[in-house]
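Just below is one structure, and these are the notes that go with it.
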Amino acid sequence: MGKTLAEKIWQEHVVRSAAGEPDLVYIDLHLIHEVTSPQAFDGLRLAGRPVRRPDLTIATEDHNTPTQNIDQPIADPVSKLQVDTLRANCAEFGVRLHSLGDIDQGIVHVVGPQLGLTQPGMTIICGDSHTSTHGAFGALAFGVGTSEVEHVLATQTLPLIRPKMMAVNVEGELAPGVTSKDVILAIIAKIGTGGGVGYIVEYRGSAIRAMTMESRLTVCNMSIEAGARAGLIAPDETTFDYIKGKPHAPEDWDAAVAYWKTLTTDADAKFDHEVTLRAEDIAPFVTWGTNPAQGAPLSGNVPDPSAIADAEERGAAERALVYMGLEAGTPLKKIAIDTVFLGSCTNGRIEDLRSAAAILDGKKIASSLRMLVVPGSARVRLQAEAEGLDKVFINAGAEWRNAGCSMCLGMNPDQLAVGERSASTSNRNFEGRQGKGGRTHLVSPLVAAATAIRGTLSSPADL
Amino acid sequence: MDKFVTHVGTAVPLRRSNVDTDQIIPAVYLKRVTRSGFEDGLFSAWRNDPAFELNQEKYKAATILVAGIDFGTGSSREHAVWALQNYGFKVIIAPRFGDIFRGNSGKAGLLTIQLSQHDVEALWVAIEAKSDLEITVDLEARTVSYGKSSVGFVIDDYTRWRLMEGLDDIGLTLKQTDSIDAFEKTRPTFKPQTIPAK
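One line per chain: the protein sequences are A and B, in this order.
Residues in the first sequence are numbered consecutively from 0, following numbering that gives the first Met the number 0.
Residues in the second sequence are numbered consecutively from 0, following numbering that gives the first Met the number 0.
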């Protein structure tokens, strides 16, 4: 029987396999940031262990870092200590670090691909659940906890039990104005926040094949919101073209591409589970609740929990509406927004900024709201400025910030206030995710831009 | 890591589904560089609510948390495991867990037990009827017992062995250094390296 893409990559990285034990899997690239690494480095220090492969390890600062006044010391002393600890650890253990202010600093999942370090067929881990992002290149990439960060630092391997395989097929052509963010939100709504638990998801089908590399990154990024630790897409010419010319692209290009072309799921491979969506059925999609599966087409209404058959889901929806301050039956387009956030590892790349800028060009954001535009990396910011996108955002009345995780998570100065409502291109609408008491609606960059202009959740078609 | 063979304690029922790791511990509490002290951030958004289960006097001594489906979804933060352990929990029972959270728990010595929705419901009812209900978790026998009930649970042999022996994963893997060395010699040379920077 044939193999799936993920099975092939897995098999090629098994260092040791023994009955009744997890496979020992080699890790090709380890990405590090300041939040989930200090206790891991501390563990190494206590045990007197070195970092086995500093040359397969790279660190950047993103979660804690401010997006304004970055030339000044970090104001929050606890955040500063965590960033300083990363700097000291990287210096001590010989790990390459891109610090705040460095040209290659940015969100860890934006930095890897832009340096060309993310390549097909690799195993990639990071102490961050959105590591699945890198799967867009046909890599097996997943988030781990701090104990596993320490394990990879010490051994460059992880003992892992092989997950099951799921195929998510998106067939057909997306309508204009429908983005990869809408696709992944629709997928999550279909399979639920726990539907992918125990699986690696391969995204397949003509709609996926037609996507640009950066759109694919958005899809794979949110695999974990459906419970799947990893999500990936078979590499093709789109992938190869994107890597070509990047700083760490292979010097032996032909050998690399010849290998990359073998990275497909065999025709006779079998998935443990398959889900299919028709691209034509997918519309601009937004969330109304407090988990990423609680979403609906923007043209719809806030759902009525009493119409939900499953008792658990009904209870969750009731609680979500209370937290979100929403009434069942309210048209989603009537929901007024206080803050629009464009950025994050989900939608903070140059294509995201371009698509939002195209909507905002020559227009003004509503006086009732603020808009933060946060590039995913320092290089994305520079690229945007070279294209004049910063002027578009600033002239529209938005704030143009420096790179970082920013308002995706309430860990740096960019946060929602209690009761404040956002339309956010990030990945999680959990209670308090963007600041205690904050209310989050997940949206695409196009919906974010249209919402900023109209003041209520909107798509470009409403302008 | 401490050995885990059996645990006897009382439980607190958490009748909520989709308790993600941002609920277990919000990001603002993740700035410490140590593994201790995270109990102050545990379920922080709910800790001001007197009705919240953990705030009820009768559940103050609980060491077992019985939660709804999809506990520990979302962020990979191991701080969620540390916060539960720092607070005093030894065992978490739920119908389904987030993958990364479950893996982190196993590494840190917090036992996660997946029971059916039906069995969790029965456990909730029993705890709510008798808050000092004594529950015995036997990892060797793979059972959760209380009153006259005993429910079996599934856990893979390897994780069970590691928890029962309190073994350090890294120490185990370092015994395989020869295999790792040999594997590294077979890696294609076109695979990228971070150093030197380009």
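Idealized CB from N, CA, C, for every residue including glycine.
List the residues of chain A whose Cβ lies closer than 7 Å to the Cβ of residue i, in chain order.
i, result
"valine 27/B", "Gly409, Met410"
"threonine 211/B", "An answer regarding residue 211/B cannot be provided, because it is not within the stretch 0 to 197 covered by chain B."
"phenylalanine 182/B", "Val14, Tyr25"
"alanine 199/B", "Not covered by the structure: residue 199/B. The range shown for chain B is 0 to 197."
"asparagine 17/B", "Thr192, Asn290, Ala315"
"alanine 196/B", "Arg95"
"aspartate 208/B", "Outside the displayed range of chain B (0 to 197) lies residue 208/B, so it cannot be described from this structure."
Check the Cβ of residue i against every Cβ in chain A and list those closer than 8 Å, keeping chain order.
i, result
"threonine 111/B", "Going along chain A, no residue has its Cβ under 8 Å from threonine 111/B, so there is no contact; the nearest lies around 12 Å."
"glycine 102/B", "Val143, Gly144, Glu147"
"serine 178/B", "Val14, Arg15, Leu23"
Pop quiz: residue i and residue j are said to be a contact at Cβ under 8 Å. What is the actual Cβ separation, rounded to whole angstroms?
i, j, result
"glycine 93/A", "proline 158/A", "Contact doesn't hold; Cβ gap of about 25 Å is too wide."
"proline 283/A", "serine 421/A", "Actually they are not in contact, since the Cβ atoms of proline 283/A and serine 421/A sit about 17 Å apart, beyond 8 Å."
"glutamate 430/A", "threonine 338/A", "Not really, about 17 Å apart at Cβ, beyond 8 Å."
"lysine 2/B", "glycine 165/B", "4 Å"
"leucine 184/A", "proline 291/A", "7 Å"
"glycine 226/A", "glycine 195/A", "4 Å"
"isoleucine 199/A", "methionine 221/A", "With 8 Å as the limit, isoleucine 199/A and methionine 221/A do not qualify as a contact, their Cβ atoms being about 15 Å apart."
"valine 167/A", "alanine 206/A", "Not a contact, Cβ separation roughly 11 Å."
Could you tell me whether any Cβ in chain C is nearer than 7 Å to the Cβ of residue i?
i, result
"isoleucine 134/B", "No chain C is part of this structure, whose protein chains are labelled A and B."
Can you pull the chain B neighbours of residue i, defined as C-beta to C-beta under 9 Å?
i, result
"asparagine 346/A", "Chain B residues near asparagine 346/A: none, gap ~18 Å exceeds 9 Å."
"threonine 84/A", "Val32"
"histidine 150/A", "Lys106, Asp168, Ile169, Thr172"
"valine 34/A", "Ala26, Leu29, Lys30, Arg76, His78"
"methionine 121/A", "Lys190, Pro191"
At 9 Å on the CB atoms, spell out the chain A contacts of residue i, in chain order.
i, result
"glutamine 175/B", "Val14, Arg15, Leu23, Thr154, Thr156"
"glutamate 52/B", "What glutamate 52/B touches in chain A: nothing, since even the nearest Cβ is about 14 Å away."
"threonine 33/B", "Pro37, Gln38, Asp41"
"phenylalanine 189/B", "Gln118, Pro249, Glu250, Asp251, Trp252, Ala254, Ala255, Tyr258"
"aspartate 155/B", "Gly19, Pro21, Ile160"
"valine 91/B", "Correcting the residue identity first, residue 91/B is isoleucine in this sequence and not valine. Going along chain A, no residue has its Cβ under 9 Å from isoleucine 91/B, so there is no contact; the nearest lies around 15 Å."
Which bits of chain B does residue i rub up against, with CB to CB less than 7 Å?
i, result
"aspartate 127/A", "Ser75"
"serine 214/A", "Result: empty, since nearest Cβ-Cβ is about 23 Å, beyond 7 Å."
"arginine 432/A", "Asp21"
"glycine 142/A", "Ser75, Ile99"
"serine 311/A", "According to the sequence shown, residue 311/A is glutamate rather than serine. Simply Ser16, Gly67, Ile68."
Listing by chain order, which chain B residues have their CB less than 8 Å from the CB of residue i?
i, result
"serine 405/A", "Correct list: empty, because the minimum Cβ distance to chain B is about 12 Å."
"phenylalanine 429/A", "Asp19, Asp21, Gln22, Gly73"
With three or more beta-carbon pairs closer than 8 Å as the criterion, would you say the region 229-238 of chain A touches the region 51-62 of chain B?
no
Mind listing which residues of the region 218-249 of chain A have their C-beta closer than 7 Å to chain B's C-betas, in chain order?
Gly226, Arg228, Pro246, His247, Pro249
For the region 147-154 of chain A and the region 409-419 of chain A, state whether three or more C-beta atom pairs, one from each stretch, are separated by less than 8 Å.
no
Do the region 280-300 of chain A and the region 259-271 of chain A touch if we need at least three Cβ pairs shorter than 8 Å?
no
Segment contact, 8 Å Cβ cut-off, at least three pairs: the region 140-158 of chain B with the region 113-127 of chain B:
yes
Any contact between the region 27-34 of chain B and the region 8-17 of chain B? By contact I mean 3 or more CB pairs, one from each, below 8 Å.
no
Ignoring anything shorter than 3 residues, give me the beta strand (DSSP E) runs that lie fully in the region 11-63 of chain A, in order along the chain.
13-15, 22-25, 28-31, 56-59
Take every Cβ of the region 60-75 of chain A, pair it with every Cβ of the region 392-412 of chain A, and state whether three or more of those distances are shorter than 8 Å.
yes
Counting only runs that start and end within the region 202-264 of chain A, where is the beta strand (DSSP E) found for 3 or more residues in a row?
229-231
Whole alpha helix (DSSP H) elements within the region 86-125 of chain A, 4-residue minimum
107-113
Could you please tell me which residues of the region 157-173 of chain B, in chain order, have their CB closer than 7 Å to any CB of chain A?
Tyr157, Asp168, Ile169, Thr172, Leu173
Quick one: which unbroken alpha helix (DSSP H) runs of 4-plus residues sit fully inside the region 38-94 of chain B? Chain order, please.
78-86
Report the residue ranges of all alpha helix (DSSP H) runs contained in full by the region 342-370 of chain A; include only those spanning at least 4 residues, in chain order.
343-346, 349-359
Okay, do the region 17-30 of chain A and the region 175-184 of chain B touch, 3+ Cβ pairs below 8 Å being the bar?
yes
Listed in chain order, which residues of the region 435-447 of chain A have Cβ atoms closer than 7 Å to some Cβ of chain B?
Lys435
The region 265-293 of chain A: which residues have C-beta closer than 7 Å to a C-beta of chain B, in chain order?
Asn290
May I ask you to list, following chain order, the residues of the region 38-64 of chain B that have a beta carbon less than 7 Å from some beta carbon of chain A?
Ala44
State whether the region 434-445 of chain A contacts the region 342-361 of chain A, with contact taken as three or more CB pairs (one from each stretch) at a distance under 8 Å.
yes
The region 355-370 of chain A in contact with the region 393-402 of chain A per 3-pair CB rule at 8 Å
yes
Selection of the region 138-149 of chain B by Cβ proximity to chain A, strictly under 8 Å:
none
Between the region 33-45 of chain B and the region 78-92 of chain B, do three or more beta carbon pairs fall short of 8 Å?
yes
Using a Cβ-Cβ cut-off of less than 9 Å, give me the residues of the region 59-81 of chain A that come near chain B, in sequence order.
His62, Asn63, Asp75, Val77, Ser78, Leu80, Gln81
What are the complete alpha helix (DSSP H) segments, minimum 4 residues, inside the region 287-341 of chain A?
310-323
How about the region 121-128 of chain B and the region 95-102 of chain B: do they share at least three Cβ pairs that are nearer than 8 Å?
no
Are three or more beta carbon pairs between the region 128-143 of chain B and the region 69-87 of chain B nearer than 8 Å?
no
For the region 194-207 of chain A, which residues have a beta carbon sitting closer than 7 Å to at least one beta carbon of chain B?
Val196, Gly197
Length-filtered (3 minimum) beta strand (DSSP E) runs lying within the region 93-132 of chain B
110-113
Taking contact to mean at least 3 C-beta pairs separated by less than 8 Å, is the region 32-40 of chain A in contact with the region 122-132 of chain A?
yes
Are there three or more Cβ pairs, one per stretch, closer than 8 Å when the region 244-264 of chain A is compared with the region 384-392 of chain A?
no
Would you check if the region 81-93 of chain A and the region 43-58 of chain A touch, i.e. whether three or more CB-CB distances between them fall below 8 Å?
yes
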